[in-house]
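Structure record follows, encoded as structure tokens.
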Amino acid sequence: MKSWNSIRPARLLAVCVAGFAVCAASPPSASAQQVSLDVGVCNPVMLAGEKQTNYLRIALTGSDLPQSESRPPINAAIVIDQSGSMSGQKIVQAREAAITAVRRLRDDDIVAVILYADSAHVLVPATRATDREAIVEKIRSVNAGGSTALFAGVSKGAAEVRKFLDSDSVNRVILLSDGQANVGPQSPRELERLGASLVKEGISVSTLGLGLGYNEDLMSRLAAAGSGNHMFVEQADDLVAVFQREFNDLMSVVANDFEIHARIGEGIRPVRVLNTKADISGQDIYIPLAQLYARQERYFVIEVEVDAGHVGDSRTMANVSVKYRNLISETRDKLTSRVEIRFTDDQESVAKHRDAETYAYCALQIANEKNVRATALRDAGRIEEAEQLLMKNSDELRQIEMDYGVQLGKVIKDELKRNINLNSAQSSIIADPKKWSAGRKAMRYEQSNNASQQNQRVAPPSKSPPSGGN
Amino acid sequence: MPRRLLLALLLLVAAPLVLLGWLSARSVEDSRQRATERLAALLSTRLIDADREVGELFDRYADQLQAELAETSNIYAALKRLRRENPIVRQGIYVDSDGVQIFPTAADMNGSDEAEVAAGLPGLIDARPLPSRLPDASDARGSDVSRRPSLPGMIRPVVFEVAAAKAAGSAGKAATKSAGRSQTPPPTLVAWQQWYLGDGAQIVFWKQLPDRSTVGILLDRSRWMADIISLLPDQPPAATQPPSQRSRPASANADATPLFQVSLVDESKRLIYRWGSTDEPNRPPLATRNVTRPLTSWQFRLHTDGDLLPDLNPWPMYLSLGGIGLVLLSIGAYVLTSVQRQMRLAQSRVSFAGQVSHELRTPLTNIRLFTELAESDLANLQEGPAKSSLVKRLQVIDHESKRLQRLVTGVLEMIRPTGKQSGVRTRPTDVCELISGIIEQFRPSFASAEISLESRCECDHPIAIDPDVVEMVLVNLLSNVEKYVPQGGGCWLQTETVADQATGRPQLRVLVDDDGPGIGATDRHRVFAAFQRLDDSISAPSGTGIGLTIARRAARRHGGELALLSKSKHGGATFELILPIQTASNPAPK
Numbered sequence: 001m002k003s004w005n006s007i008r009p010a011r012l013l014a015v016c017v018a019g020f021a022v023c024a025a026s027p028p029s030a031s032a033q034q035v036s037l038d039v040g041v042c043n044p045v046m047l048a049g050e051k052q053t054n055y056l057r058i059a060l061t062g063s064d065l066p067q068s069e070s071r072p073p074i075n076a077a078i079v080i081d082q083s084g085s086m087s088g089q090k091i092v093q094a095r096e097a098a099i100t101a102v103r104r105l106r107d108d109d110i111v112a113v114i115l116y117a118d119s120a121h122v123l124v125p126a127t128r129a130t131d132r133e134a135i136v137e138k139i140r141s142v143n144a145g146g147s148t149a150l151f152a153g154v155s156k157g158a159a160e161v162r163k164f165l166d167s168d169s170v171n172r173v174i175l176l177s178d179g180q181a182n183v184g185p186q187s188p189r190e191l192e193r194l195g196a197s198l199v200k201e202g203i204s205v206s207t208l209g210l211g212l213g214y215n216e217d218l219m220s221r222l223a224a225a226g227s228g229n230h231m232f233v234e235q236a237d238d239l240v241a242v243f244q245r246e247f248n249d250l251m252s253v254v255a256n257d258f259e260i261h262a263r264i265g266e267g268i269r270p271v272r273v274l275n276t277k278a279d280i281s282g283q284d285i286y287i288p289l290a291q292l293y294a295r296q297e298r299y300f301v302i303e304v305e306v307d308a309g310h311v312g313d314s315r316t317m318a319n320v321s322v323k324y325r326n327l328i329s330e331t332r333d334k335l336t337s338r339v340e341i342r343f344t345d346d347q348e349s350v351a352k353h354r355d356a357e358t359y360a361y362c363a364l365q366i367a368n369e370k371n372v373r374a375t376a377l378r379d380a381g382r383i384e385e386a387e388q389l390l391m392k393n394s395d396e397l398r399q400i401e402m403d404y405g406v407q408l409g410k411v412i413k414d415e416l417k418r419n420i421n422l423n424s425a426q427s428s429i430i431a432d433p434k435k436w437s438a439g440r441k442a443m444r445y446e447q448s449n450n451a452s453q454q455n456q457r458v459a460p461p462s463k464s465p466p467s468g469g470n
Numbered sequence: 001m002p003r004r005l006l007l008a009l010l011l012l013v014a015a016p017l018v019l020l021g022w023l024s025a026r027s028v029e030d031s032r033q034r035a036t037e038r039l040a041a042l043l044s045t046r047l048i049d050a051d052r053e054v055g056e057l058f059d060r061y062a063d064q065l066q067a068e069l070a071e072t073s074n075i076y077a078a079l080k081r082l083r084r085e086n087p088i089v090r091q092g093i094y095v096d097s098d099g100v101q102i103f104p105t106a107a108d109m110n111g112s113d114e115a116e117v118a119a120g121l122p123g124l125i126d127a128r129p130l131p132s133r134l135p136d137a138s139d140a141r142g143s144d145v146s147r148r149p150s151l152p153g154m155i156r157p158v159v160f161e162v163a164a165a166k167a168a169g170s171a172g173k174a175a176t177k178s179a180g181r182s183q184t185p186p187p188t189l190v191a192w193q194q195w196y197l198g199d200g201a202q203i204v205f206w207k208q209l210p211d212r213s214t215v216g217i218l219l220d221r222s223r224w225m226a227d228i229i230s231l232l233p234d235q236p237p238a239a240t241q242p243p244s245q246r247s248r249p250a251s252a253n254a255d256a257t258p259l260f261q262v263s264l265v266d267e268s269k270r271l272i273y274r275w276g277s278t279d280e281p282n283r284p285p286l287a288t289r290n291v292t293r294p295l296t297s298w299q300f301r302l303h304t305d306g307d308l309l310p311d312l313n314p315w316p317m318y319l320s321l322g323g324i325g326l327v328l329l330s331i332g333a334y335v336l337t338s339v340q341r342q343m344r345l346a347q348s349r350v351s352f353a354g355q356v357s358h359e360l361r362t363p364l365t366n367i368r369l370f371t372e373l374a375e376s377d378l379a380n381l382q383e384g385p386a387k388s389s390l391v392k393r394l395q396v397i398d399h400e401s402k403r404l405q406r407l408v409t410g411v412l413e414m415i416r417p418t419g420k421q422s423g424v425r426t427r428p429t430d431v432c433e434l435i436s437g438i439i440e441q442f443r444p445s446f447a448s449a450e451i452s453l454e455s456r457c458e459c460d461h462p463i464a465i466d467p468d469v470v471e472m473v474l475v476n477l478l479s480n481v482e483k484y485v486p487q488g489g490g491c492w493l494q495t496e497t498v499a500d501q502a503t504g505r506p507q508l509r510v511l512v513d514d515d516g517p518g519i520g521a522t523d524r525h526r527v528f529a530a531f532q533r534l535d536d537s538i539s540a541p542s543g544t545g546i547g548l549t550i551a552r553r554a555a556r557r558h559g560g561e562l563a564l565l566s567k568s569k570h571g572g573a574t575f576e577l578i579l580p581i582q583t584a585s586n587p588a589p590k
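Quick mapping for you: the protein sequence lines, in order, are chains D and W.
Residues in the first sequence are numbered consecutively from 1, following the UniProt record's numbering.
Residues in the second sequence are numbered consecutively from 1, following the UniProt record's numbering.
Quick look at the structure:
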């Protein structure tokens, strides 16, 4: 069971990066796999004498999965749209995808299958996967017809997951929909609030949008609030593969039940967390996160407003503490970190001390926010503005790549490149009404992908002892 | 006549049909109503069950929140933590004993959703069910509301109830608003508030602390909606299966398609969740039930399929009504045709009688002619007993043949089509002579009946009338006198020419008066009707009952009138015959 413990020591110390971050992780048990915490500031050195905006990045990197078969048990509800629009190849593929997923489960995993159309129906109540064939047999009977009671489907799915809710399992509702919710609550906001509520209990929600008919705003916001993945599945044939990916993620969860708390220092005002809904109360920021996948790099960018300081002064920017459930060691772990800023009157010093990596990540999230704005502009019919915004986005990111490229790690470099291309590609299709339906869904998918780094993984560690950090 | 019969027949058919139709429609409606009520009563237990689930859910929330709030000493930290960690909590609120909102502060409300909540909070707090200090609070409320611009979330007034959490026991149950005013509230005074904010109805849980400050918990609408939905029954799968799927194992699909649908609708009647049959309800709900506190603006509705209700198909009713109509119609038609057949038969009898009468006229005329010839021949014979005997017998033949002729004429008059003034042959006639001739005819029979007969005629010059008509009328009247006036009675005839009161034209007026029993007032209208005899007993004098009818018809054919006067000079019956006199300026009607 604990055979992986000896593979390598924690990588935590290695990722306590330069700048003025002070790593103070709780002493990890020498053999345990650990999540690493990395807190960075865009501009650790700031110009004195004026109020400025700065950005703080809290990054978490999941440990690698142990080599053994052992992994945390899954407790998932597969919520399948069986409305009339799903008929034909879609429902066939959805059945196939669900069956394939169920077959992959271990005996101690728990699965429920919920169907929704005019109402919601628990096809398979939450049950251990020991009797796979009975579950598969039931899934085979699913057919399509009726309207789309999406909210009810999620509600019933969550209720099934809740039956076996356990902080040691991966609790997830997987929602598949190809259409607009038309029975029951249906606004993106209502679904978003439901997702946020579920995350508080440790249930995450993933949404798979199938085809070009679903409400991408609803689905992406539900997944974002529900701390799950959002995926755009244009072709029904890809459904099996997407389900596989989703279950790959589920099976690779290394930590969950996060409490990410950043206490912002005096003289600094927290403004917001980019692309994430966080609980900000006074100087305290709590960021919801349901789980971390193996080797996933998950980070949050906090925008703060720094009051004018004196030259030479330093100020505590934030005390960050991350508590989580380590599913590999089955312990509750805690990481802490503290970052400071310093004031100077030298413009060059500011530039010189800029944390390139943090800066690039922050720029990425800012660009992502602008990307969301571009979608809104396009929705409002201001196509030209949207196009220009995307091009500007692309240019700005390219500039950062040129300025700091050499100092950046591979992950962020790849992300930058991907986003540069993404923004310019989007700017070229945004004006085309024929491509917009799929384009908008793709855009929302990329936005949530960027916001939650659902595909962002660090390179698997080599067999040699870890070299450390960036 | 047949048209009237036809109308009567139609009425005969239609009236019972309408009545039957109305009755059966009513009984169908009644039985449907009763069945609907029974069904509603039967199925509304489901609504009650569902409603109880919802009530219990909110009770659990209340217990849970009570426990959370009881554990803590630092209320601010607790409220912050609840918002962060408790799935049902959207926002905590703390109002001090002066009714001032202490928490959340502006710094606690970051983001657009929070800003919306923050904007709605003052109104929500003003309307909270557990006001801290009532006089102050109500003052503040009055002024506050007028000062603050109206917010979209404040469209409707607060609806609240005091809820008794189980922990509160009877003290909490008894705690009403007024109780809260008058006495120190028990430490567990809690209440629910329903408030409209953002997406719709929001539920707030309030708890009063011992220092009269209040803690409110705005519940997450999406979350309690989801919890309600997850408590409510499932959609049985059968309804969503297309027919091709029916063949799969019954075990997987054991539930029969439900015949009813229950839906939960929110405050704006928007569908939140439904289960049961999947058909879109197209009729008003069979039963409704408002959700119990605190979600009183929501409603459960029960719809049923048509199958559960008695068949409303009106065709059986229409068909049976049509059948009854058909039967009635055929009976009516049968009656109508048989009546028509009878009438045709009677018609042919009448026409036969007419033809026979016509045929009788010629031999009668011949008999009279030869009787007269025989009388004139007899006059030339020597007087002797043989002659006087022959004369007597010839007189009898003459008299009887005249009587026969009158009868024939009467029959012909009777069968003559009414309303046609035809067959009137006016010629200058000495009326007095004519009348005395008629009287002479009756003299022997009157004499034998010992009835006196007096005639007064004031008409000295010939006038243009049809003597046959006058004769027919008078013969009929006099034979009635002969029949009905008892022995020793009298009869008075008065003839004169008078001027018509309206036109001034001259007319003949003959009054026939007697002192017999007369005709009772009730029988007056009957005497001229055909085949009417006032006394139809065996002992009554013989007669056909058409004499007066014939007489009146004859008079009318002449343009005159025969009437029974209401007053008689001699106490019997008085008939008045009036006939217009033909003059050059007054031609006979054709």
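From the three backbone atoms N, C-alpha and C, an ideal C-beta is built for every residue, glycine too.
Quick check on the DSSP output: the alpha helix (DSSP H) that includes residue i runs from which residue to which?
| i | result |
| --- | --- |
| L292 of chain D | Note, L292 of chain D: premise wrong, no alpha helix (DSSP H); beta strand (DSSP E) at Q291 to Y293. |
| L250 of chain D | L239 to M251 |
| F446 of chain W | V431 to A449 |
| I88 of chain W | Per DSSP, I88 of chain W belongs to no alpha helix (DSSP H) and is neither H nor E. |
| E266 of chain D | Unbroken run through E266 of chain D: none, as it is neither H nor E. |
Could you tell me whether any Cβ in chain W is nearer than 8 Å to the Cβ of residue i?
| i | result |
| --- | --- |
| A451 of chain D | no |
| A159 of chain D | yes |
| K189 of chain D | Checking the sequence, you will find Arg at residue 189 of chain D rather than Lys. Yes, because at least one Cβ of chain W sits closer than 8 Å to the Cβ of R189 of chain D. |
| D279 of chain D | yes |
Report the option in the options whose CA atom is closest to the CA atom of residue i.
| i | options | result |
| --- | --- | --- |
| D107 of chain D | D:I91, D:A363 and D:I74 | D:I74 |
| L43 of chain W | W:R361, W:H303 and W:L511 | W:H303 |
| P210 of chain W | W:V190, W:A201 and W:I203 | W:V190 |
| T207 of chain D | D:T130, D:Y445 and D:A459 | D:Y445 |
| R443 of chain W | W:A529, W:A540, W:H399 and W:M317 | W:H399 |
Which chain D residues sit within Cβ distance under 7 Å of residue i?
| i | result |
| --- | --- |
| E85 of chain W | K200 |
With burial defined as no fewer than 16 other Cβ atoms inside 10 Å of the residue's Cβ, what is the status of residue i: buried or exposed?
| i | result |
| --- | --- |
| G437 of chain W | exposed |
| E458 of chain W | exposed |
| L37 of chain D | buried |
| I228 of chain W | buried |
| N421 of chain D | exposed |
From which residue to which residue does the beta strand (DSSP E) around residue i run?
| i | result |
| --- | --- |
| M317 of chain D | S314 to N326 |
| Y55 of chain D | Q52 to T61 |
| N75 of chain D | I74 to D81 |
| I110 of chain D | I110 to Y116 |
Examine chain D for any beta-carbon lying closer than 8 Å to the beta-carbon of residue i, and answer yes or no.
| i | result |
| --- | --- |
| M317 of chain W | no |
| L10 of chain W | no |
| A118 of chain W | no |
Listing by chain order, which chain W residues have their CB less than 7 Å from the CB of residue i?
| i | result |
| --- | --- |
| residue 482 of chain D | Outside the shown range of chain D, which is 1 to 470, sits residue 482 of chain D, and nothing can be said about it. |
| V122 of chain D | D234 |
Identify the contact partners of residue i in chain D, using a Cβ-Cβ distance below 8 Å as the criterion.
| i | result |
| --- | --- |
| A67 of chain W | The contacting residues do not exist; A67 of chain W stays about 17 Å from chain D at best. |
What residues of chain W sit near residue i, judged by a beta carbon separation below 9 Å?
| i | result |
| --- | --- |
| R272 of chain D | N110 and G111 |
| R193 of chain D | R90, D113, D199, D220, R221, S222 and R223 |
Determine the chain W residues that contact residue i at a beta-carbon separation under 8 Å, and present them in chain order.
| i | result |
| --- | --- |
| V154 of chain D | A226 |
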